[in-house]
Each structure stands twice: as C-alpha cells, then as structure tokens.
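Take the sequence shown: its position 164, counting from 1, is numbered 498 in my numbering, and each next residue is one higher.
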Amino acid sequence: HCYQYWPDQGCWMYGNIRVAMEDFTVLVDYTIRKFCVQFQAGEGTRAPRLVTQLHFTSWPDFGVPFSPIGMLKFLKKVKTVNPSYAGPVVVHCSAGVGRTGTFIVIDGMIDMMHGEQMVDVFGSVSRIREQRCQLIQTDMQYSFIYQALLEYYLYGDTELDVCSLEGHLHRLHNTRAPNDRLGLEEEFRKLTNVRIMKENMRTGNLPANMKKNRVLQIIPYDFNRVILPVKRGQEFTDYINASFIDGYRQKDYFIATQGPLSHTVEDFWRMMWDWSCHSIVMLTELKEREQDKCFQYWPSEGSVTFGDYTLELRADTLCDTFTLKDMVLTYRLEKHARHVRHFHFHGWPEIGIPAEGRGMIDLVASVQRQQQQSGNHPIIVHCSAGAGRTGTFIALSNILERVKAEGLLDVFQTVKSLRMQRPHMVQTMEQYDFCYKVVQDFVEIFSDYANFK
335 HCYQYWPDQG CWMYGNIRVA MEDFTVLVDY TIRKFCVQFQ AGEGTRAPRL VTQLHFTSWP
395 DFGVPFSPIG MLKFLKKVKT VNPSYAGPVV VHCSAGVGRT GTFIVIDGMI DMMHGEQMVD
455 VFGSVSRIRE QRCQLIQTDM QYSFIYQALL EYYLYGDTEL DVCSLEGHLH RLHNTRAPND
515 RLGLEEEFRK LTNVRIMKEN MRTGNLPANM KKNRVLQIIP YDFNRVILPV KRGQEFTDYI
575 NASFIDGYRQ KDYFIATQGP LSHTVEDFWR MMWDWSCHSI VMLTELKERE QDKCFQYWPS
635 EGSVTFGDYT LELRADTLCD TFTLKDMVLT YRLEKHARHV RHFHFHGWPE IGIPAEGRGM
695 IDLVASVQRQ QQQSGNHPII VHCSAGAGRT GTFIALSNIL ERVKAEGLLD VFQTVKSLRM
755 QRPHMVQTME QYDFCYKVVQ DFVEIFSDYA NFK
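What follows is the structure, encoded as structure tokens:
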C-alpha cells in the first residue's frame with residue numbers, strides 16, 4: 335500500500351536528502367514521528383527542518399472506522415502540531431484519493447461549521463474532485479464524513495487541558511442547563527445517547543450461553559467479545575461474558591469481564607491462559623449487601639483445581655487499599671506454568687463510590703508497573719457485572735495515562751468510547767463524577783506540572 339519512506343531509527347539518505355528519526359510516540363489510533371530533514375548537496379547544504387508525521391493506524395483494511403472518535407482526535411492533533419507559518423499539510427493514503435479525500439473533507443467541513451454554521455458535504459466533494467479525480471471513493475467513506483460531522487456537532491470538543499480542569503468542574507457542579515439539569519447531569523445524560531446495539535449481542539443471548547451471564551443487560555458485543563477455543567466435541571464452549579477494551583496506547587489492552595460464576599470459573603482461567611494474561615484487577619468483594627457478587631476463583635491457601643487448571647497461592651500481601659496475591663497457574667496439558675498477579679481492591683464501598691481518589695490512583699499505578707514487568711498482555715478487569723466499577727477503573731487508567739503523557743484529558747469521550755465497546759461502562763453519574771474527582775486528586779498530588787512530562 336505504501337513504501338516505508340522513513341527510517342525506523344538513525345538516519346537514511348534519499349538522494350540528496352538526509353532524514354533522521356528524532357522521536358516517536360505510539361498511541362491507540364495513531365503514531366507521531368518526528369524527523370530532522372536536511373538537504374545536502376556539495377556546498378549547498380541547507381539548514382535542517384523538523385518534520386512531523388502523524389500516521390493514522392485505525393483505518394480497517396475494508397470499509398471505514400467503526401466510530402469517528404479516533405479520526406476527530408487525530409484531526410485535532412494534526413491541526414495543533416502544524417505551525418501557522420508552515421506550507422500545506424501533505425496528506426496521503428495508498429492511492430491518495432479515498433481516505434485522503436475523506437480526511438480533507440471532514441477538516442474543511444468542521445471549519446465551515448465554525449465559520450458559517452452550516453455544512454455542504456456534496457458541494458465540497460464536488461469541488462475537490464475537480465482538483466483531483468475520484469477523491470472519496472466509496473459511499474461508506476461519504477457517509478463516514480457525515481458520521482464524523484454529526485459526532486462533532488453533537489458533542490463538540492470536550493478535551494481539557496489539566497490547567498482548565500478546576501474551572502470545568504466548577505461549571506459542571508454549579509451551572510444549570512436550560513432544562514434545569516446540572517452541567518454534570520447534562521454531560522452524563524449525553525452518554526446515555528450511546529445506543530446499546532442489541533443486534534450485536536447474539537452470541538451472549540444464545541440459549542446455551544444465557545446461564546453464563548450474571549446480569550442479562552450486560553452482554554458483550556459480538557465484534558469484540560473474547561473468544562475461547564472450542565473444547566473438542568463440545569459446541570458453545572467458545573463463549574465467556576468478556577470484552578476486549580482499548581487502552582491509551584494499544585488496542586485490546588484490557589479485558590472487561592463479569593465476576594466468575596461457579597460454573598464459569600474454568601472458562602475464566604481458560605481465557606486467562608489462552609490470552610496469556612498475567613494481571614487480574616478485582617473491584618468487588620465476594621459478597622456485598624448479603625448478595626453473591628463473585629465466586630471465589632482462587633485458593634485461600636495451598637492450591638485449587640478447576641477442570642484442567644490448577645492455581646497455587648505463593649504470596650498474599652496487604653497494601654493500603656488492595657490485596658496483592660501472587661499465584662502460579664498450570665494447565666494440565668502443557669508443561670510450563672505461569673505467574674499471575676491478582677490485585678483485589680477493597681476501597682469500593684457497598685453503596686456509592688470511594689471517598690477519595692488516592693487508593694484508585696495507587697491501584698492504577700501498581701497495575702501499570704506490573705504490566706511493564708510482565709509484558710503487555712491484556713489486563714483482566716472485573717467487578718460483579720463487569721461494567722460499572724470495571725468501566726470506571728479502565729476509564730481512569732486511560733485518562734491518567736494521557737494526563738501524564740500529554741497534560742490533557744477528555745473524560746466524556748473516554749467513557750463514550752468505552753460504552754461503544756461494552757454496554758453500561760461507567761454505569762452511574764456518581765461513577766462518572768468520580769472519574770473527574772480522581773483526576774483532580776491526581777493533579778493535586780502531582781501538582782508540580784513537570785511531573786506529568
């Protein structure tokens with residue numbers, strides 16, 4: 335599709351032009367590379383120039399991205415890194431017509447929206463096709479432009495700089511929308527616009543799989559559910575109520591799942607084994623308010639066996655707000671064992687949300703450290719149904735990671751994109767507000783902004 339025209343590291347010469355890789359950042363939807371480019375010919379060496387390449391990596395081989403959120407974020411980044419004195423932005427895909435045209439039209443229409451309070455997609459596409467043939471190649475790309483513009487019109491730009499968080503929170507908690515809702519209620523209500531795609535929950539709703547679900551409203555979507563290898567001669571053994579969820583830097587970084595039931599424990603460990611997971615984050619007690627929330631899927635001491643999987647408890651450490659268990663997982667049919675670390679957070683009250691954010695900040699940091707040591711395999715996160723507290727933990731992991739890297743946050747879009755990956759993620763307005771509160775605590779703890787960078 336495209337010849338790699340830059341060095342992965344060091345520098346390459348292309349004719350008289352020297353290109354050196356200075357820096358790169360990989361994020362979930364795009365990668366940013368910085369090159370130092372210099373023309374060198376005899377005595378005519380010119381001053382070097384810094385060139386930034388923004389490489390959008392979330393366009394599928396067929397069709398268009400599932401949601402326009404990533405593309406809008408990417409477009410904003412392109413606009414912010416391109417200095418006002420620069421020449422034109424060079425845009426390419428493979429042939430330089432389909433995706434390239436889509437990107438250019440979305441950009442132009444957002445400018446038109448701001449300047450004239452209207453859009454004219456048809457007119458814009460017609461005009462640019464006079465400048466280059468076949469820009470925008472498919473009806474899907476054409477319709478994606480409208481999707482992106484609708485998304486932008488409905489939700490606008492909800493990204494905040496860390497410095498403006500305080501003011502934004504003051505507005506959310508103190509100003510009322512025209513319908514007399516608090517700003518926070520209004521922002522959370524917009525999230526409930528994210529349609530639950532019942533037509534994409536077929537597998538979880540099959541009669542053979544219904545009993546494997548703890549809560550009937552929270553079923554994984556077929557397009558990102560975790561698929562287990564089918565057990566020989568047993569159909570319907572590929573299902574577990576679990577969804578792959580994107581992280582800040584990589585796709586499928588988390589697995590959001592429900593607390594195992596007594597008859598799905600072996601499936602839980604099968605998932606753990608097959609997807610090479612090393613970390614589990616548990617955000618519920620086994621029982622809360624006299625109700626079973628999760629089956630105990632680990633040994634209190636010694637070892638325990640579930641089907642083909644045996645777990646041995648090696649260490650049990652109490653930290654401030656969570657317990658850390660080190661276990662060894664073995665699969666009967668394979669010789670090697672695997673080390674598993676279990677983070678059990680105890681700071682979540684039976685009703686409501688934690689009183690302060692510190693415990694959650696420590697938990698997120700400990701899990702990140704463990705990930706760096708064990709290789710980046712998916713992190714399993716669960717509460718009881720795998721949506722409310724699970725969504726809150728994943729949202730905070732992604733938000734805090736971004737605050738550290740860029741000094742920016744977008745709680746609304748973070749939660750919105752989680753809800754497109756699994757229904758009801760961050761279930762209550764209280765949990766949504768808690769996301770803001772934790773970021774605020776995080777910023778106060780590390781108030782010296784230099785710590786973020």
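Where a beta carbon is used, it is the ideal one built from N, C-alpha and C, also for glycine.
Whole-number beta carbon distance between residue j and residue i, since they are thought to touch under 8 angstroms
i: Leu647; j: Met661; result: 6 angstroms
i: Arg352; j: Leu525; result: Not a contact, Cβ separation roughly 49 angstroms.
i: Leu645; j: Ser637; result: 6 angstroms
i: Arg675; j: His612; result: 6 angstroms
i: Phe640; j: Val599; result: 5 angstroms
i: Arg736; j: Tyr587; result: 13 angstroms between Cβ atoms; not a contact.
i: Arg623; j: Gln592; result: The Cβ separation is near 17 angstroms, so there is no contact.
i: Asp317; j: Tyr665; result: It is not possible to answer for residue 317, since the shown part of the chain is limited to 335 through 787.
Own chain partners of residue i with C-beta closer than 7 angstroms, once the 5 adjacent residues on each side are dropped
i: Gly397; result: Met474
i: Gln468; result: Val431
i: Thr472; result: Gly432
Environment of residue i [buried if 16+ CB atoms lie within 10 Å]
i: Pro563; result: exposed
i: Thr509; result: exposed
i: Phe677; result: buried
i: Ala719; result: buried
i: Lys669; result: exposed
i: Gln451; result: exposed
i: Ser428; result: exposed
i: Cys336; result: exposed
i: Pro554; result: buried
i: Pro757; result: buried
i: Met347; result: exposed
i: Thr434; result: buried
i: Met544; result: exposed
i: Tyr770; result: buried
i: Asn527; result: exposed
i: Asn710; result: exposed
i: Leu617; result: buried
i: Tyr631; result: buried
i: Gln705; result: buried
i: Ser418; result: exposed
Paired residues, beta bridge with residue i - DSSP
i: Tyr643; result: Phe640, Tyr665
i: Tyr364; result: Phe390
i: His502; result: According to DSSP, His502 bridges with nothing at all.
i: Ala590; result: Ser577, Val715
i: Lys621; result: Asp626
i: Val385; result: Phe369
i: Trp346; result: Val353
i: Asp660; result: Ala649, Arg675
i: Val615; result: Phe677, Val715
i: Arg510; result: Leu516
i: Asp608; result: Note: Asp608 sits in no beta bridge, so no partner.
i: Asp495; result: Leu742
i: Phe358; result: Arg367
Top-ranked residue by Cα proximity to residue i, from the options
i: Val560; options: Glu519, Pro712, Thr748, Asp696; result: Pro712
i: Val715; options: Lys659, Cys370, Ser577; result: Ser577
i: Ile687; options: Glu735, Thr724, Lys413, Leu742; result: Thr724
i: Ala649; options: Val701, Gly376, Thr657; result: Thr657
i: Phe437; options: Gln465, Gly421, Tyr419, Ala482; result: Ala482
i: Gly349; options: Gln374, Glu500, Thr365, Leu361; result: Gln374
i: Gly693; options: Ile553, Asp775, Lys413, Pro594; result: Asp775
i: Lys410; options: Leu388, Ala671, Pro422, Val424; result: Leu388
i: Val615; options: Tyr665, Tyr582, Phe679, Glu600; result: Phe679
i: Ile574; options: Gln584, Asn534, Pro594; result: Pro594
i: Gly743; options: Val772, Cys717, Gly722; result: A quick correction: the sequence has Leu, not Gly, at residue 743. Closest option to Leu743, Cα to Cα, is Val772.
i: Leu384; options: Gly567, Val415, Arg466; result: Val415
i: Val701; options: Ala671, Leu734, Ile685; result: Leu734
i: Thr788; options: His673, Gly691, Cys628; result: Any question about residue 788 goes unanswered here, given that the chain covers just 335 to 787.
Same chain only: Cβ atoms within 8 angstroms of residue i, ignoring 5 sequence neighbours per side
i: Ala784; result: Its pLDDT being 45, under 50, Ala784 is placed unreliably in this model, and the coordinates cannot settle the point.
i: Met763; result: Leu518, Glu519, Phe522
i: Gln747; result: Ile403, Lys407, Tyr489, Thr492, Glu493
i: Glu569; result: Ala542
i: Ile444; result: Leu409, Leu483, Tyr486
i: Phe358; result: Thr365, Ile366, Arg367, Lys368
i: Leu361; result: Tyr582, Arg583
i: Trp340; result: Trp346, Val353, Met355, Arg367, Phe369, Gln387
6 angstroms Cβ shell around residue i - same chain, five flanking residues per side excluded
i: Lys787; result: Any answer about Lys787 is weak, because its pLDDT of 43 lies below 50 and its placement is not dependable; what the coordinates show is given next. Contacts found: none.
i: Leu506; result: Gly517, Leu518
i: Gly442; result: Ser458
i: Gln372; result: Arg352, Pro382
i: Arg799; result: Given a span of 335 to 787 for the chain in the structure shown, any question on residue 799 remains unanswerable.
i: Val760; result: Gly725, Thr726, Ala729, Val749, Tyr766
i: Ala590; result: Ser577, Ile579, Val715, Gly720, Thr724, Arg756
i: Lys356; result: For the sequence presented, residue 356 should be read as Glu rather than Lys. Here the set comprises Lys368, Cys370.
beta-carbon residue i near the ligand GDP non-hydrogen atom, thresh 6 angstroms
i: Tyr337; result: Among the components of this structure there are no ligands whatsoever, and the ligand GDP is therefore not found.
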